[in-house]
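K.L.:
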Amino acid sequence: MSSRVHPRALAAVTVLCLLGMAPLLVAAPATARPASVDAGTDDVTWWLARASAAQSGLAWSGNRLVATWSSGLTTSSLDDVVHEPGRGLTVRAHAASSGTVAGGGHGQDVTMPDRPDGTSYLEAAAGAPAPLSLLMSHYDVSLDRPGQVAGRPAHSLLLRRSGSTAARLWLDDATGLLLRREVYDAAGRTTAAMAYLDVTVGPSPAPVTTTVALAARPGGVDAIRRSGWVCPAAIGSGGSDLVLYDARTLNATAGRTPIMHLTYSDGLSSLSVFEQQGTLDPVAVQGYAVTGSGSRRMHVRRGSPTQAVWQSGPTVVTVVSDAPTGQLAAVVAAMPSTPAPTTARAGWMATASRAVLRAARWVTPLR
Amino acid sequence: MIQRSPCLGARISGLADDSLPDDVRDRSLAHAAGCAGCREALDSERLLVARVRALPAPGPSDALMARLLAMGETGGPLPPRPGRVAGTARLPSAVVVGRIASPSAPRPPRLPAVSVRPPTRREHRRSRRLLAAAAGVLGVGGVAGTALGSSLPSSGSGVVPPLDQLTLQHGVTGRENPFSDAGLVHLVTPGPSATAVPALLQVETGR
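Chains as they are written, first to last, in this note's numbering: chain A, 1312 to 1678; chain B, 48 to 254.
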């Protein structure tokens, strides 16, 4: 792959980078429709930055297929998707297999904004890794081949790690929109796929200004830890680690249990860790499979994405993840394994248990 | 083996091993998402492909390899064959699990003899006490466990993670990461909160 940098591409990257940095500044226009640029450059950074900008700045609608394959579990879903800059992505699943988590969501619109509300602890911290830089640092990205997806000319990018192909992304030549995404396991089998069957790019929208009020949040990860939350900087080890890139507190209003939300990624897979202080109510995880034992007892619901809940010391940890299942074990290993705090009833149980054991020792002749 | 699905026919095999052209595969997958029969056929075909791929590469068996290698060796005298050869005296040989034991082979060492004596009356009494104590402990433990267990389906005051909303929050945050799966999440169950993602997100703005 040639490393020649097209001057036009360089200018586009500069503009896009500035647009990408805008939300980090105080009250700045965050989104704008990306300029239509001729395809042909072989600078993968240009392609990725353009796709990233199109994801939030472009209006489009289409019919999308989402499918995952793992050992013993197949999920598939056919969605109607509409994206409006400034409002977010509205998804309606109109067909889904029974194995998918989307099973109950048929016919109902779900809108996800382009950006989460509020402020991440890490945005104010210098050097917080952006998802795009995570992708570039974890994978060897190269431009692969031209083709067509949903009847539109597209180029595919190849993501390689440790010598094998990890994923392939097809990006629309005209707009940069991600049209197809495939993820492969180490043996080269497809484990997840997303593809648009048809897509319509809407009329040029008026530039949308979303004001993101950023408060000064000094400290980043240290501030989270000082507040009593467990906050690993990365999950996993070696080249396959997921790096913390977003952290925010939910339910911070009075009278509601605050939830710390930590988001990890390697640019391709994402993993969310939610922490809540207290003792897990078993009702919450009815129907979940139980794995592990003792302080590593975990309630898991596999799907797309996988959910896992467990008690870690005084904290209830919930993990939602699209990452390979091996990463789940890494999260468990990263959290404290001290036993759950004893509630009043549990304390009474422990006292009763100790009494029974003491009586057993007393009546047992072989002491 | 090529399986056939009700609608996709033999294409189901190509779909399972990723050998179809991209556009054909996308259309087939889209159909399978809404067709239970084809989805079932695809699942079983994928399982079959996975199992076949998991099989080790075929090769000669260990026994065959051992015999082939042995053919190349100079070798020693052939072992005596069981049974009597005509014209020779019968030898007291015995076959011990695949090998022939000759009378001259060393015998395995004998284990020391264990003296077996009937238990005394005092030991009988001790055993009865032990059994009675164990039964008592088990009884008390069982009653206590049953009583406690029946009253513990839910503490009522524990933490119930709002899993649907956390899953959506995962998707919302993940949308900042345009190449990840996070933006593809859906709800487990529909509900009023389904369309109101920010409802949960009373995000702290100054801690």
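Just so you know, even glycine gets a beta-carbon here, dropped at the ideal spot from N, CA and C.
Since the model is a prediction, treat every value here as computed from it, not as a measurement.
(1) Is Gln1597(A) helix, strand or coil by DSSP?
(2) Of all the options Ala1503(A), Val1541(A), Thr1386(A) and Ala1545(A), which has the alpha carbon lying nearest to the alpha carbon of Gly81(B)?
(3) Quick one: grab the DSSP three-state call for Leu1489(A).
(4) Assign Asp1509(A) to one of three DSSP states: helix, strand, or coil.
(5) Need the endpoints of the beta strand (DSSP E) that Ser1363(A) sits in, please.
(6) Please state whether the Cβ-Cβ distance between Ser1444(A) and Asp1455(A) is less than 7 angstroms.
(7) Along the region 211 to 228 of chain B, where does the CB come closer than 8 angstroms to a CB of chain A? Name the residues.
(8) Within the same chain, show all residues whose beta-carbon is closer than 7 angstroms to that of Arg93(B), passing over the 5 residues directly before and after it, in chain order.
(9) Starting from the Cα of Pro1427(A), find the closest Cα among His217(B), Ala101(B) and Leu55(B) and give me that residue.
(10) Would the region 1605 to 1613 of chain A and the region 1459 to 1466 of chain A be scored as touching if the rule is three or more Cβ pairs under 8 angstroms?
(11) Which same chain residues, not among the five before or five after Val1620(A), have their C-beta less than 6 angstroms away from its C-beta?
(12) Using the Cβ count rule (16 or more neighbours within 10 Å means buried), how would you classify Ala152(B)?
(13) Using a Cβ-Cβ cut-off of 7 angstroms, state whether Pro208(B) counts as contacting chain A.
(14) For Leu55(B), decide whether its Cβ has a neighbour in chain A, counting only Cβ atoms nearer than 7 angstroms.
(15) Considering only C-alpha positions, which residue in the set Arg1491(A), Val1631(A) and Gly1539(A) is nearest to Asp69(B)?
(16) Under 7 angstroms between the Cβ atoms of Gln1587(A) and Val207(B)?
(17) Any beta-carbon of chain A closer than 7 angstroms to the one on Gly84(B)?
(18) Identify whether Arg1500(A) lies in helix, strand or coil by the three-state DSSP scheme.
(19) Using a Cβ-Cβ distance under 7 angstroms, would Ala1497(A) count as near chain B?
(20) Who are the Cβ neighbours of Asp1451(A) in its own chain at under 6 angstroms, not counting the five residues just before and after it?
(21) Measuring only between beta-carbons, confirm whether Val1627(A) sits less than 7 angstroms from chain B.
(22) Comparing the CB of Ala1465(A) with every heavy atom of the ligand GTP, is any distance shorter than 6 angstroms?
(23) Of all the CB atoms in chain A, is at least one closer than 7 angstroms to the CB of Ala194(B)?
(24) Using the DSSP secondary-structure output, state which residues sit across from Leu1470(A) in a beta bridge.
(25) Identify, in the order they occur along the chain, each residue of the same chain with its Cβ nearer than 7 angstroms to the Cβ of Tyr1495(A), setting aside the five sequence neighbours on each side.
(26) So is Ser1314(A) buried or exposed if we call it buried at 16+ other beta carbons inside 10 Å?
(27) From the DSSP output, read off the bridge partner residues of Ile1546(A).
(28) Could you please give the first and the last residue of the uninterrupted alpha helix (DSSP H) stretch that includes Ala101(B)?
(29) Using the Cα positions of Phe1585(A) and Leu1579(A), report the straight-line distance between them to the nearest angstrom.
(30) Note down the Cα distance separating Cys54(B) from Val1510(A), rounded to an integer number of angstroms.
(31) Give the secondary structure of Val207(B) by DSSP, where H, G and I count as helix, E and B as strand, and everything else as coil.
(32) For Val161(B), collect the residues of the same chain with a Cβ closer than 8 angstroms to its Cβ; drop the 5 residues on either side in sequence, then sort them by chain order.
(33) Does DSSP classify Pro1442(A) as helix, strand or coil?
(34) Would you list the residues sitting across from Leu76(B) in a DSSP beta bridge?
(35) Should Ala1259(A) be flagged as near chain B, meaning a C-beta pair shorter than 7 angstroms?
(36) On the DSSP bridge list, what partners appear for Pro1464(A)?
P.N.:
The relevant details are as follows:
(1) coil
(2) Residue Thr1386(A) holds the alpha-carbon nearest to the alpha-carbon of Gly81(B) among Ala1503(A), Val1541(A), Thr1386(A) and Ala1545(A).
(3) strand
(4) Per DSSP, reduced to three states, the secondary structure at Asp1509(A) is strand.
(5) Run containing Ser1363(A): none in the beta strand (DSSP E); it sits in the alpha helix (DSSP H), Val1355 to Gly1368.
(6) no
(7) Leu213, Thr214, Leu215, Gln216, His217, Gly218, Val219, Thr220, Gly221, Arg222, Glu223, Asn224, Pro225, Phe226, Ser227 and Asp228
(8) Close CB contacts of Arg93(B) within its chain, under the 7 angstroms cut and outside five residues either way in sequence, are with Ala63 (chain order).
(9) Of the candidates His217(B), Ala101(B) and Leu55(B), His217(B) places its Cα closest to the Cα of Pro1427(A).
(10) A contact is defined here as three or more CB-CB pairs under 8 angstroms, and the region 1605 to 1613 of chain A fails this definition with respect to the region 1459 to 1466 of chain A.
(11) Val1596, His1610 and Thr1629
(12) Low confidence applies to Ala152(B): its pLDDT is 45, below 50, so where it sits in the model is not reliable, and the reading given next is rough at best. Exposed.
(13) yes
(14) No Cβ of chain A is located within less than 7 angstroms of the beta carbon of Leu55(B).
(15) Arg1491(A)
(16) no
(17) no
(18) coil
(19) no
(20) Arg1471
(21) yes
(22) The ligand content of the structure shown is nil, which means the ligand GTP is not present either.
(23) Note on Ala194(B): pLDDT 38, under 50, position unreliable in the model; the coordinate value appears next. No, no contact with chain A.
(24) Val1452(A) and Ala1478(A)
(25) Cβ contact annotation for Tyr1495(A) (same chain, cutoff 7 angstroms, sequence separation greater than five): Thr1476, Ala1477, Ala1478, Thr1501 and Thr1502, in chain order.
(26) With a pLDDT of 41 at Ser1314(A), under the threshold of 50, the predicted position of this residue should be treated as unreliable, and no value is reported.
(27) Looking at the DSSP output, Ile1546(A) bridges to Leu1553(A).
(28) Ala83 to Ala101
(29) 20 angstroms
(30) The alpha-carbon separation between Cys54(B) and Val1510(A) amounts to approximately 25 angstroms.
(31) coil
(32) At Val161(B), the pLDDT of 43 sits below 50, so the modelled position is not reliable and the matter cannot be decided from this model.
(33) helix
(34) Beta-bridge pairing links Leu76(B) to no other residue.
(35) Lying before the first or after the last residue shown, residue 1259(A) is absent from chain A, which here runs from 1312 to 1678.
(36) Gln1459(A)
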